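Residue numbers (the UniProt record's numbering): 1 to 1168. Inspection log for the structure reproduced underneath, given as structure tokens.
This is the structure:
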């Protein structure tokens, strides 16, 4: 029994020394005494590979490469003690979650945090640390006693007491039946002396700088039992143990502890072997960096520094792109194998997605040791979302997360077809508010598109009937198994029954067969990684259920507790990847980097806060609290301060991994363009190697090419060189010459079969501008039909932006309908209510001017109660919130009725027609507009209200439109075709006067008016009486619009003006004291000019009709003052209109005053 230490700096040949010794022993006596080589997990493969291939051992019979855990399995199989069932990380985490919930009331400090996401992981990490340092519940009793004597803070006492509760509960639950991952160490330590193999064995330990308490206890036992123990440690002098600032302080401290342990055990300590050779490093500059990394002041290397390259990039994407190009360059120009190159990072979360895209673009094979979580695998998501669906009452989100896993679909079915059905079903569920029992209610699944109350009585179309059948086919695949699953879960008496219910659901849906089918499909597409993931996901799922049953089998659990526990298990699952090929770039994290035989290494992300690492969170135990443990005589993991002291060594290990080329890179900004500073070690490297290559890389191809004269650096792969040639061609378009190199690259793309199509697509935007192309006559006819039938709002949409009209009425694109009350739906409700009330008053023979307040209230109530059951899928009956909104809407209709009653009392205009339709199949024909090429535009619509009054046997007509938002008639918008509705409706009314008035010919326009339906909120400075309050409310219902200047007609609209000239509370007119119209404060127009407006509006309709039939789809949104067509446009993502682009600008419209408006339209109508 003896101890031997092999020491030396990095790359001094320590590992090669013991490997040569082991190889010599195996060759001399292949069946001799056992040799155990103990290494960390990340070194096991490379150590085994090196022994077999580099030292030419044909087979490892005598020597075995093991981790501490695998050594425990190996020895315990010989000695016994392996009979305990293992609780792996998944089961352990689920156990902790359940114990936190169960013992919540016993906690002093953890009570609030116990149920929060992430807290389980915090407790798990601390419990594992306690396990590594032999902290038991009994020990925590002693800790509490010591803390009290040290007068520790109350928070620390409470925290320690809470931790004792958890540790005690875990110990009680594991007992002698189970063992966790840390429990193998004491088991092995207890049984090691019984191993006959170990008594004869030579033990080599490599790859460690320090040991945890349990590891060190095991090492001591190995020293006591094994024939001899050799330990490799990276340090220069054992005196460094006394200097915590020393580079090799941790390893030297470990060596000192080993010497003390050997002395305690009275073992023979062999002479230390110190390695100095550095044969594996060929580059002198890198040898200098290794030898003088910690030397102060820096000793510069005056010779060539080509072995070291420092890359400064504008952001991380530019950084990884530069790394990928350098890897390709090393492989193609210098003959390095991919397996001889490695990338070291410390921020896997931000760099891994970039490796996945950029390395793939460069066709660089790579393997990373960061593990991908299984949470988003279809199987795991299926189980989690179905459980959530049951718990939340079949809500939309979890239901469709489960449906979109494809695992409800029939096996080997056409996924595209079923996914389209799922999309249709999703749209239906969202628009109809389906949840809970509504999934099972057949009456709720009658598919008919809601087009408004006006079309409520239309029958289901053939297309709607077909969609309903498709949706129902999918519903029948989802609802029965989920309903049975819910029933089985409800009846479950314990955790075992719950797990059985989950497996039954999975079995009933044929999930295993479907997952295996996915695997076969991935194999056929040569997606080997993805194919392997399906097997692992199925195994992981079974593992979670197995651990769940082992830990909680006969225990009664609440459904939400069960879901929380299983969630912890599923969140612990990760995919493990086996390298698909030996020749690939290794990507490792700096803290775990154990690289051998690497010729080129890239240390990326060399930023401040990364090297050295900024420790923002100290963990569940703060550094001060850990100091209390140390003062009390109990060992725990190092504090953040001690971890910070290890930072130089971590970087030293990374920088000394390469033998020929070392690349150090850092970005200057993150993804949000926030500045990042380079690490202080970057400056250190420049001081050590002043002649190092320093490159600057940018994310923009044009800037990249300006920053480096060697453009061939960017032509490493056809796929990644493409943005750079496009950048050059863009400059060519701007008049810059195209260099010869890029002319050759362009020629390559144009001639190469593989790349020519992609190249053509990439340069297409250079040749095209973002302008809609006109449709052909055939396409126009197919989209719009042979007969152009239109509403006024459609014409307004065309003038707003022709492309918006094309997407709405040509492509018929729509936003997804949601189960919510939209503004247009409220307008639909208001119109329906007013129509019902009007028809009811006619049926009762009651005039509006005679309606009382009580009658208005009663009529409103009856109207809303009649409409709500058929309104927007009964949305106003769906919840307490919407029932409250229903009351608010009822108040709006009631207040508007009271205002209109007041209008009727003061006006001599009578309602002639309400909700009067014009168009095909209506009482009034469509308005015909003759177009070019013998085409005709047929305008149709519905006029809210047409009023009439008579003066001297002459009939005056006005049109009134109800709006749910405030609206006025803007003549500038009329001129530019943006507001044509009211004037068109007046034109239609005048055109059909003979029908409306029984052949009365003498008809004049009176005006067009808007009524704002609302319940006004008044801002009052002083208290007023009820009469003044009502008057103020009525003032808010003053109609807006445009009326003619006939004074008698104005008096008929508001008879109070005749008695007392003033500002009307009903119409947009103010009279002077002499009775004349106050033009500046009124919205009036001469009757003749009103007729000109009508003719001009027809002219605008013709202009729009001709434009539509000409196939105009131009992207030309208007801008009128601060209003633009894009403000509320749904299609901005489609047209990609960008006003910041000089070639894309708004169609600027000029505002007009009324005098200019009238003068202009007169000229245009008269053809001047």
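Built from N, CA and C at the ideal position, the CB exists for glycine as well. Model, not experiment: these values are computed from the prediction.
Residue i, DSSP secondary structure in three states
i, result
"residue 423", "helix"
"residue 938", "strand"
"residue 915", "strand"
"residue 846", "coil"
"residue 260", "helix"
"residue 74", "helix"
"residue 373", "strand"
"residue 931", "coil"
"residue 1172", "Residue 1172 lies beyond the residue range present for the chain, which begins at 1 and ends at 1168; the question has no answer from this structure."
"residue 186", "helix"
"residue 311", "strand"
"residue 615", "coil"
"residue 896", "helix"
"residue 400", "helix"
"residue 664", "strand"
Short Cβ contact (9 Å threshold) for residue i with residue j
i, j, result
"residue 1005", "residue 942", "no"
"residue 1176", "residue 207", "The displayed coordinates of the chain run from 1 to 1168. Any statement about residue 1176 would go beyond what the structure contains."
"residue 1136", "residue 983", "no"
"residue 503", "residue 559", "no"
"residue 341", "residue 601", "yes"
"residue 1119", "residue 1081", "no"
"residue 561", "residue 112", "no"
"residue 386", "residue 378", "no"
"residue 471", "residue 428", "yes"
"residue 156", "residue 628", "yes"
"residue 212", "residue 637", "yes"
"residue 536", "residue 91", "no"
"residue 1153", "residue 969", "no"
"residue 1029", "residue 1042", "no"
"residue 231", "residue 3", "yes"
For residue i, the residue or residues it bridges with in DSSP
i, result
"residue 275", "8"
"residue 1012", "963"
"residue 178", "85"
"residue 269", "3"
"residue 1207", "Absent from the model: residue 1207. The displayed extent of the chain is 1 to 1168, so no value can be given."
Alpha-carbon spacing of residue i relative to residue j, whole angstroms
i, j, result
"residue 654", "residue 662", "10 Å"
"residue 1007", "residue 404", "56 Å"
"residue 224", "residue 139", "26 Å"
"residue 473", "residue 421", "9 Å"
"residue 411", "residue 490", "29 Å"
"residue 354", "residue 317", "7 Å"
"residue 236", "residue 15", "15 Å"
"residue 1036", "residue 830", "18 Å"
"residue 740", "residue 60", "58 Å"
"residue 802", "residue 1146", "12 Å"
"residue 936", "residue 787", "7 Å"
"residue 808", "residue 541", "47 Å"
"residue 101", "residue 563", "13 Å"
"residue 751", "residue 743", "12 Å"
"residue 228", "residue 261", "14 Å"
"residue 732", "residue 747", "15 Å"
"residue 658", "residue 56", "24 Å"
Practice item. Check whether the stretch 865 to 876 touches the stretch 1006 to 1024, counting contact only when three or more Cβ pairs, one atom from each stretch, lie closer than 8 Å. Key: no
Review point. Is there contact here, the stretch 856 to 863 with the stretch 790 to 798, by at least three beta-carbon pairs under 8 Å?
Key: At 8 Å Cβ cutoff, the stretches do not touch.
Exercise for review: Evaluate contact between the stretch 150 to 169 and the stretch 249 to 257, counting only Cβ atoms and requiring at least three cross-stretch pairs below 8 Å.
Suggested key: Fewer than three Cβ pairs drawn from the stretch 150 to 169 and the stretch 249 to 257 lie within less than 8 Å of each other, which leaves the two stretches out of contact.
Check your understanding: If you pair each beta-carbon of the stretch 515 to 525 with each one of the stretch 566 to 574, do three or more pairs fall below 8 Å?
Key -> Because the criterion of three Cβ pairs below 8 Å is not met, the stretch 515 to 525 and the stretch 566 to 574 do not touch.
Exercise for review: Report yes or no: do three or more beta-carbon pairs, one from the stretch 597 to 612 and one from the stretch 119 to 128, lie closer than 8 Å?
Suggested key: no
Check your understanding: Counting Cβ pairs closer than 8 Å, one from the stretch 25 to 45 and one from the stretch 64 to 73, do we hit at least three?
Key -> yes
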